[in-house]
Structures are given as C-alpha cells and as structure tokens.
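**Student:** Numbering (this note's numbering), first residue to last: 10 to 270. Virtual Cβ for every residue (Gly too), placed ideally from N, Cα, C. The model shown is predicted, which means the values in this text are computed figures rather than measured ones.
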Amino acid sequence: MGVDRRNLRRVIGASAAVVTALQAGTAALALRTGRRDYADGVWGPGLAAVALTGAALGTGDRTRRWALAALTTAWAVRLESLMLRRLRGSDTEDERYTEFLEGDSTPRVLAKVFGTQAAAQLLVSAPLQLAAASTLPRSARRWLVPAGVTVAVAGAVVEAVADRQKSAYAQRDRDERPDVLDTGLWGVSRHPNYLGDSIMWDGVWLAGAASAPGGWLVAAPAAMTYFLVYATGAKRTEDRMGDRPAYQDYQQRVPFFFPGT
10 MGVDRRNLRR VIGASAAVVT ALQAGTAALA LRTGRRDYAD GVWGPGLAAV
60 ALTGAALGTG DRTRRWALAA LTTAWAVRLE SLMLRRLRGS DTEDERYTEF
110 LEGDSTPRVL AKVFGTQAAA QLLVSAPLQL AAASTLPRSA RRWLVPAGVT
160 VAVAGAVVEA VADRQKSAYA QRDRDERPDV LDTGLWGVSR HPNYLGDSIM
210 WDGVWLAGAA SAPGGWLVAA PAAMTYFLVY ATGAKRTEDR MGDRPAYQDY
260 QQRVPFFFPG T
C-alpha cells in the first residue's frame, strides 16, 4: 500500500518528456511565426498530456487515475477551444508577450516562456503524477477521492459558466451592454473564471491527497492560484482596467477573487 516509487519515477520521467516535447514543438512554431503568445495554446494540452500519461503508465488506483485524467482532459479541451479562438482571431502577438520579452535573445525567450511554462506544468500536475503511482488506503481517507473530484467538477463548471457569461456580454452591441459585466458570477467575484480554475485544481490535489504523501503537494494548487492571480490573470486585468471609472466602481462593489471577502 502507498506509493510505488519505481512506477512514480517512470511516470515523472515520461511526464517530463511529454511536456518537453510539447513545449519544444510550440516554441519552434512560435519563433518561426513571431507569435510567442502561442505558448498560451499549449498550457491545457500539456496538463492533459501529463494526466493521460500517468493514467496509462501508472500502477496506482485505476479508478482514480483515469477519473482525474478524464476530468483534466475535459477541462483542457474546453480551455483550448477558447485559446485557439483567441489566437486565431488576431494576426499579431499578444502585447503582454511583446512587452515582457522586449529585447530578449532567443535563448532567453525559450527560458522565460517555454522553460518556465514546462516547469509550471510539472509542478501543478504533481498530484496527478503521484496519484497515478499510488494505491488508496483502506481508511476513511479514501473518501477524499470523490470529495476532490466533486470539488474539481464544481470548479470546472464555475469556470465554464463564467466564460460563457463573459462571451455573451462581449457579443452584445456596444450601445446596449453596460460598461462592466457585473451580473451572474461576475457579480460575486471580479474574476470568477480564474476562481473556478483555481477550485478545479484544488479538487485535483484533494483527490491525490487520499494517498498520504499527496497532502504534502499543497504547493501545486497554491502555485496554480498564484499563476492565476498574479502571473498571467487577475492582477494583469486589474492593471489594464483600473483606470476606467466604471471598473473602479465595480472594484468597490464586488470582491476581487473570493466571494464575500
């Protein structure tokens, strides 16, 4: 009972190889086309690839590893559809990347974007890798699996609903839509899509924590939340929108991330 260390090393090695291959392929395309923002398009697929690799090669609890793989893949497919739509909808690189990488050499770009993202994917997916090579205890702790899956599904639903509400808002005529989207989930959190994403990965960690060592991997969901809030998501949106009077009013009325705070 516990972790099959030999199998875990195999899962980790294979996961690292898959992530490296995906990042290298995306980097080659990005540098050739001058669209380094293509990195956004490999985030979801990379995490899904790790989940599927672990499910296929792991010797841990079969139900848990395939349930997490299915959940992660479904999450990644939906996210990828949004990313591809955004990337295809523009002929120029996202200004965030242009500003972030201004003056950088090719090796530095590879390290700052694709190397960093590969490391982040392996960190965030650590509970998936451990779960793939771990059995479940016979104690009540095993109930963390259905609890974690339930939390993850709830988070994925929140994220999907928030994105759909945002899309519906964006499609309305400019003259008819309000200056700020502050209804639905956007009326309880200024960033409900990122909040749902964070909850999704909290659930993945919780399911992995059913096997005793998994509880120590709390840095994985914490890292995902950090990325969503500070690195690529919520704070950047706040900086971009913060000088608009309607958004300043929105900031006064609606919590930043967690409802009720």
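Just how far apart, CA to CA, sit R14 and A228?
**Tutor:** Locating residue 14 in the sequence shown gives position 5, counting from the first residue. Locating residue 228 in the sequence shown gives position 219, counting from the first residue. Roughly 20 Å between the two C-alpha positions.
**Student:** Between which two residues does the alpha helix (DSSP H) harbouring D167 extend?
**Tutor:** Taking the first residue of the sequence shown as position 1, residue 167 is located at position 158. According to the sequence as given, residue 167 is Val; it is not Asp. Segment L153 to Q180, the alpha helix (DSSP H) holding V167.
**Student:** For L194, I'd like the list of residues in its chain whose CB is within less than 7 Å of its CB, leaving aside the five on either flank, ordered along the chain.
**Tutor:** If you number the sequence shown from 1, residue 194 lands on position 185. Counting only Cβ-Cβ distances below 7 Å, and skipping sequence neighbours, we find V167, V170, A171, Q174 and P201.
**Student:** What separation, rounded to the nearest whole angstrom, lies between the Cα atoms of P54 and D113?
**Tutor:** For this step, residue 54 is matched to residue 45 along the sequence shown. For this step, residue 113 is matched to residue 104 along the sequence shown. In a straight line, the C-alpha of P54 is about 26 Å away from that of D113.
**Student:** Identify, in the order they occur along the chain, each residue of the same chain with its Cβ nearer than 7 Å to the Cβ of A156, setting aside the five sequence neighbours on each side.
**Tutor:** Here residue 156 is taken as the residue at index 147 of the sequence shown, counted from 1. Excluding sequence neighbours, A156 sits near L215.
**Student:** What are the partner residues of V12, as DSSP defines its beta bridges?
**Tutor:** Walking along the sequence shown from the start, residue 12 turns up at place 3. The partner list for V12 (beta bridge, DSSP) reads S143.
**Student:** Whose CA, out of A120, L131 and S24, lies closest to the CA of G67?
**Tutor:** For the purposes of this step, residue 67 is taken as the residue at position 58 of the sequence shown. Selected option, being the one with the closest Cα: S24.
**Student:** Applying the criterion that 16 or more other CB atoms from any shown protein chain within 10 Å of the CB defines a buried residue, is T81 buried or exposed?
**Tutor:** Your numbering for residue 81 matches position 72 in the sequence shown. T81 is buried by the Cβ-count criterion.
**Student:** Per DSSP, what kind of secondary structure is T35 in: helix, strand or coil?
**Tutor:** By one-based count along the sequence shown, residue 35 stands at place 26. Looking at T35 - three-state DSSP - the assignment turns out to be helix.
**Student:** Which residues mark the beginning and the end of the alpha helix (DSSP H) in which P116 is found?
**Tutor:** By one-based count along the sequence shown, residue 116 stands at place 107. Counting along the chain, the alpha helix (DSSP H) containing P116 begins and ends at T115 to V118.
**Student:** Determine whether the beta carbon atoms of A60 and L77 lie at a separation below 9 Å.
**Tutor:** Translated into the one-based positions of the sequence shown, residue 60 becomes position 51. Translated into the one-based positions of the sequence shown, residue 77 becomes position 68. For A60 and L77, yes; Cβs fall inside 9 Å.
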